[in-house]
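Visitor: When the letters of the sequence shown are read in order and numbered with our numbering, they come out as residues 1176 to 1223.
Mind looking over this structure? Questions follow.
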Amino acid sequence: MPTRNISLTVEQDAFVERVVRAGEYQNASEAMRDALRALQQRRREDAL
């Protein structure tokens, strides 16, 4: 799987940490992949 480094705001980083600590995701990568899937879905819906 390709890797990429990204920059987050302090608030975004804290949010990712919270959802991981809450057990919603195994790790930050999972949370970010889910966020990207949601963005992709929104773009598909906007294109209709």
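C-beta: ideal position from N, C-alpha, C; glycine also.
#1: First and last residue of the alpha helix (DSSP H) that includes R1179?
#2: How should V1191 be labelled, buried or exposed, when 16 other C-beta atoms within 10 angstroms of its C-beta is the threshold for buried?
#3: Please state whether DSSP places Q1201 in a helix, a strand or coil.
#4: Determine the closest residue to P1177 out of R1208, Q1187, R1193, E1186, with distance taken between C-alpha atoms.
#5: Which of helix, strand or coil does DSSP assign to L1214?
Guide: Per the coordinate set shown:
#1: One-based indexing of the sequence shown puts residue 1179 at position 4. Counting along the chain, R1179 falls outside any alpha helix (DSSP H), and DSSP gives it neither H nor E.
#2: In the sequence shown, residue 1191 corresponds to position 16, counting from 1. Result: buried.
#3: Translated into the one-based positions of the sequence shown, residue 1201 becomes position 26. Correct three-state label for Q1201: coil.
#4: For the purposes of this step, residue 1177 is identified with residue 2 of the sequence shown, where counting begins at 1. Residue R1208 is the option with its Cα nearest to P1177.
#5: Taking the first residue of the sequence shown as 1, we reach residue 1214 at position 39. Looking at L1214 - three-state DSSP - the assignment turns out to be helix.
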